[in-house]
Each structure stands twice: as structure tokens, then as C-alpha cells.
Amino acid sequence: MKSIFTALLLSAITLLSGAATAAPNPDPETLKVALLPDENASTVIKNNKPLELYLEKALGKKIELIVTTDYSSMIEAMRHGRIDLAYFGPLSYVLARQKSEIEPFAAIKQKGSTTYQAVLIVNTGAGINSIADIANKDVAYGDKASTSSHLIPKSMLAEGGLLAGTQYREHFVGAHDAVALAVQNGHAQAGGLSKPIFEVLVQRGMIDPNKVKVLAESKPFPQYPWTMRSNLKPELKAKIRTVFLEMKDPEVLKPFKAEGFGPASDKDYDVVRNLGSLLKLDLSKF
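Per mature numbering (1 follows the signal peptide of the UniProt record, and there is no 0), the sequence shown runs over residues -22 to -1, 1 to 264.
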């Protein structure tokens, strides 16, 4: 009797283990689409309602928009197959790629280009007129896994001879808008974020150009990529790629500040990997 019970128990454990590690559905009825937590989650989902409706019609599937609490949560959700499509930042894509079988297929296009820039901003009352003036000051970054509100501005300061924790104090405040507000409110004298996002914050009146100014702009970097699970059905992957590359609806594109999407591949993001190496960042710990 004991041996029978043991056999049944082992069988049950094997079945449960298999269920826990089973590959995600290659052709799910509902596609879970993750968006970057660059702003308040409810705002992101509301702004992207046109995307949800567009994809449902174009792909013939239900769409569930997801905004995780932070970049790390989004990376982990993709790693465990809880997300089918994801809109990553360049660095968060590189980090997710280390842990997941995913592939980029499109990047946002602005002014005919699939590259973008980050900016270093400063409080106009802080007396900062050069990167050297940021020495011994407080610098606000967004999320640690953010490209334009951490990796790029940190590299700009490093190129100017300023290292975090040695020549200045760094503070991670979560999102791009939080960086700009921290600088405007004087909680930090300088900060780094996406140039397109900063311009939108000024246009919306959230940031006063009399209180915050752009100190420096970065060189161009590859734009934010759309990615998908590599183990999705090939026909579905091809359809998703086509739908994004042919997308022209201004209401859908508005939240991305984009005129459309261009093709993207993994090698486009080698420059981001190289930047992490130059800063001696252990990307496996992000």
C-alpha cells in the first residue's frame, strides 16, 4: 500500500512540475501586451486604448494591456511567459533578452528615424552651466533598467569625468516624468531622461522651461523596440510584424510620439550592450 501511495505521489508531483514548466500557448486567444511603466499605469492604459482596439481588429484576437510596477517586474513577467508582446526600452530589452526567448520586430519611428536621444537637464537656479558643474550635486535617474533615464545620461556624466557615488550622488525616482519634476522642485539639481518625453512634459505644461533647462543631448541610440515571444506560432508572428510595420493610425501612434514603426533586430542593440560594458555595469544584476 505504501509503495502504491508513493508511486501516486511521485506521479502527481511529475504532472504538477510539467504543468508549471509547460511552454506558453503559441497561439493564445488573448494576447497579453505589456507597455513600459514610464507614467502612471492607469494613464498608460487609457492612452493606449486605441492600440488595444486596433490590434484586436487587425489580429482577430482579444488584447489585454498590462503595465507592471517597474521595469524589473516586466522583465520577469516576460521571462515566465506571462506576456506575449512587450514594448521595452533599449536597456530593458537587452536585460530581458538575457533571460527570455524573445525577439524585437519593430521600433518606433520619429522624423523618419528609428533612433532617439536622451538629455541631461538641470535646475536653472542651481548654477550649472557645464557637466563639470554637476560635481558634488544630486542627480535624478528614472529606473535602473532604463536606457534614456539612467544608462545614457550616466555615460554622459562618466565621459565628463563624473562617476556616481564618487563625484555626485545618484537617486532613482522611477519614471521619466518623476526625474523632470525632481529637478524642477530642486530635490535634485540635475537629471537624465528621454528627449522626446521631456519635450512632451514641457508642451503639457508639467515642466516650466524657466525652472528647468537642457544642459546636453546624447548621441542617437536605437529606439524603443516592440518584442514578442519567440515561441509564438510563426504565422502569428508574421502577422504581428506586418500589422505594426504598416500601422499609420495617428490615434494609435500618438502615445508613442511616433509617425510609425520601422523594422528592428537584436543586433541593433549591441551599442546598448557595449555601453553597459564601458560603464562596467553588471547587467545580470539588474
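Glycine included, C-beta positions come from ideal geometry on N, C-alpha and C.
Computed from a prediction, not measured in an experiment: that's the story for all the values here.
Please go through the same chain and pick out, in chain order, the residues whose beta-carbon is closer than 7 Å to the beta-carbon of proline 215, but skip the five residues on each side of it. What sits at residue 215 in the sequence shown is lysine, not proline. The residues are Met206.
Assuming isoleucine 86 is part of the beta strand (DSSP E), what are its boundary residues? 80 to 87 is the extent of the beta strand (DSSP E) around isoleucine 86.
Can you tell me the Cα-Cα spacing of tyrosine 119 and leucine 9, whole angstroms? One C-alpha to the other measures close to 32 Å.
When DSSP labels each residue in this structure, what does methionine 184 get in the three-state scheme? Of the three classes helix, strand and coil, the one that applies to methionine 184 here is coil, per DSSP.
Of the listed residues His58, Phe234 and Pro200, nearest to proline 241 (C-alpha basis): Taking only the C-alpha atoms, the option nearest proline 241 is Pro200.
Residue interval of the alpha helix (DSSP H) (run including asparagine 25): Where asparagine 25 is concerned, the enclosing alpha helix (DSSP H) stretches over 19 to 25.
What is the residue span of the beta strand (DSSP E) that arginine 147 lies within? For arginine 147, the enclosing beta strand (DSSP E) starts and ends at 147 to 150.
Do you know how far the Cα of valine 192 is from the Cα of glutamate 224? Glutamate 224 and valine 192 have their C-alpha atoms some 34 Å from each other.
Per the contact definition of three or more C-beta pairs closer than 8 Å, is the region 132 to 142 in contact with the region 100 to 111? Contact holds: three or more Cβ-Cβ distances are below 8 Å.
Straight-line CA distance for alanine 166 to proline 203? Each residue's alpha carbon lies about 30 Å from the other.
Serine 255: buried (16+ other C-beta within 10 angstroms of its C-beta) or exposed? Exposed is the call here.
Whether phenylalanine 83 touches lysine 122 by CB criterion (7 Å): For phenylalanine 83 and lysine 122, no; Cβs fall outside 7 Å.
For aspartate 248, which of Gly90, His154 and Thr125 has the nearest alpha-carbon? When only C-alpha atoms are compared, the closest one is Thr125.
So what's threonine 125 in DSSP terms, helix, strand or just coil? Threonine 125: helix per DSSP, three-state reduction.
Where isoleucine 61 and valine 180 are concerned, what is the direct C-alpha to C-alpha distance, given to the nearest angstrom? Between isoleucine 61 and valine 180, the C-alpha separation is close to 33 Å.
Isoleucine 106, DSSP secondary structure in three states: In the structure shown, the three-state DSSP call for isoleucine 106 is coil.
Can you tell me the Cα-Cα spacing of alanine 12 and valine 45, whole angstroms? Alanine 12 and valine 45: Cα-Cα distance of roughly 6 Å.
Hey, is the region 24 to 32 in contact with the region 224 to 240, meaning 3+ C-beta pairs nearer than 8 Å? Three or more Cβ pairs drawn from the region 24 to 32 and the region 224 to 240 lie within less than 8 Å of each other, which places the two stretches in contact.
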